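Chemist: Submitted below is the structure of interest, expressed as structure tokens.
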Amino acid sequence: MADGKRGEDQDLSAGDFSSWMIEIQGAIRGERGSDVPCAGCTACCTSSQFIHIGPDETDTLSRIAAELLFPAPGRPRGHVLLGYDERGHCPMLIDGKCSIYEHRPKTCRTYDCRIFPAAGLEIDDHDKVLISRQVQRWQFSFVTEADRNQHDAVRAAATFLRERRGLLPDDAVPANTTQLAVLAIELHDVFLRHDEETGQTTLVDPDPQRVRGELLRRE
5 MADGKRGEDQ
15 DLSAGDFSSW
25 MIEIQGAIRG
35 ERGSDVPCAG
45 CTACCTSSQF
55 IHIGPDETDT
65 LSRIAAELLF
75 PAPGRPRGHV
85 LLGYDERGHC
95 PMLIDGKCSI
105 YEHRPKTCRT
115 YDCRIFPAAG
125 LEIDDHDKVL
135 ISRQVQRWQF
145 SFVTEADRNQ
155 HDAVRAAATF
165 LRERRGLLPD
175 DAVPANTTQL
185 AVLAIELHDV
195 FLRHDEETGQ
205 TTLVDPDPQR
215 VRGELLRRE
């Protein structure tokens, strides 16, 4: 038990960093869901979150009352949001459990609050205190020096995106902390140099125009 902390303050294993990065990158690309060891935590379900649901998620949509959904701003027709009640709780959360867990939205399947400690970011929204507490508990393990370099690269990317917003293409500027963390994970490789002969990696400070070019390429 780390530092004598108990109960809700006890550290949680976030897993091996390099293995987690493979999983989260797959989730970001939409190839898989996120396997988060929540251990009964419902912080993301009780923190005033709007959940996006796409028109192709017919199974999910059939499980949710139409009056709980509304059009998603800035999205094509058919994209909707599931809101929250007066307590900030998802209406699908009943008796502390997701009532449609096996049919939950893709947004929920891919959500992983470990992206925040991975990117070295804190959540300061007053209505997301529970998520912030959970984020502070996650502790990654690092098997090799390359794992640590990869972690440092994600954090370096997050710092760049936060401090040099003026260099970013308008469409690439993160609108919130979640988008910032996800983008840092997607861009982290730009902050690493790979030695083809040794296989070793080194953290680098890339030319800002290279980062901008990578962002433009992804649009």
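Counting from 5, one number per residue, gives the positions in the sequence shown under the working numbering.
All C-beta atoms in this analysis are idealised placements derived from N, C-alpha and C, irrespective of residue type, glycine included.
Values in this document were obtained by computation on a predicted structure and should not be read as measured data.
Taking 7 Å as the cut-off, does the CB of Gly30 come closer than this to any heavy atom belonging to the ligand ADP?
Modeler: Among the ligands in the structure shown, none appear at all, so the ligand ADP cannot be discussed.
Chemist: Is it right to say Pro121 is buried, meaning 16 or more other beta carbons lie within 10 angstroms of its own, or is it exposed?
Modeler: Translated into positions along the sequence shown, residue 121 becomes position 117. With 16 or more Cβ atoms within 10 Å of its Cβ, Pro121 is classed as buried.
Chemist: I need the straight-line Cα distance from Glu201 to Ala150, nearest angstrom please.
Modeler: Translated into the one-based positions of the sequence shown, residue 201 becomes position 197. Translated into the one-based positions of the sequence shown, residue 150 becomes position 146. Their Cα atoms are separated by approximately 15 Å.
Chemist: Note down the Cα distance separating Arg81 from Leu73, rounded to an integer number of angstroms.
Modeler: Working through the sequence shown from its first residue, we reach residue 81 at position 77. Working through the sequence shown from its first residue, we reach residue 73 at position 69. About 13 Å.
Chemist: Per DSSP, what are the beta-bridge partners of Pro75 in this structure?
Modeler: Position 71 of the sequence shown, counted from the first residue, corresponds to residue 75. Beta-bridge pairing links Pro75 to Val84.
Chemist: Keeping to the same chain, check which residues put their C-beta closer than 7 Å to that of Ile28; ignore five residues upstream and five downstream.
Modeler: By one-based count along the sequence shown, residue 28 stands at place 24. The answer, listed in chain order, is Ser38, Asp116, Ile119, Ile189.
Chemist: Could you check what DSSP says for Arg197 in three-state terms: helix, strand or coil?
Modeler: Walking along the sequence shown from the start, residue 197 turns up at place 193. Here Arg197 sits in strand by DSSP.
Chemist: Does Gln204 come out as helix, strand or coil in the three-state DSSP assignment?
Modeler: As a working mapping, residue 204 is identified with position 200 in the sequence shown. Looking at Gln204 - three-state DSSP - the assignment turns out to be coil, as it is neither helix nor strand.
Chemist: DSSP on Leu191, reduced to helix/strand/coil?
Modeler: Walking along the sequence shown from the start, residue 191 turns up at place 187. Note: Leu191 maps to helix in three-state DSSP.
Chemist: Taking the runs of the alpha helix (DSSP H) that are 4 residues or longer, which of them lie wholly in the segment 92 to 131?
Modeler: As far as the segment 92 to 131 is concerned, its whole alpha helix (DSSP H) runs of at least 4 residues are 110 to 114, 119 to 123.
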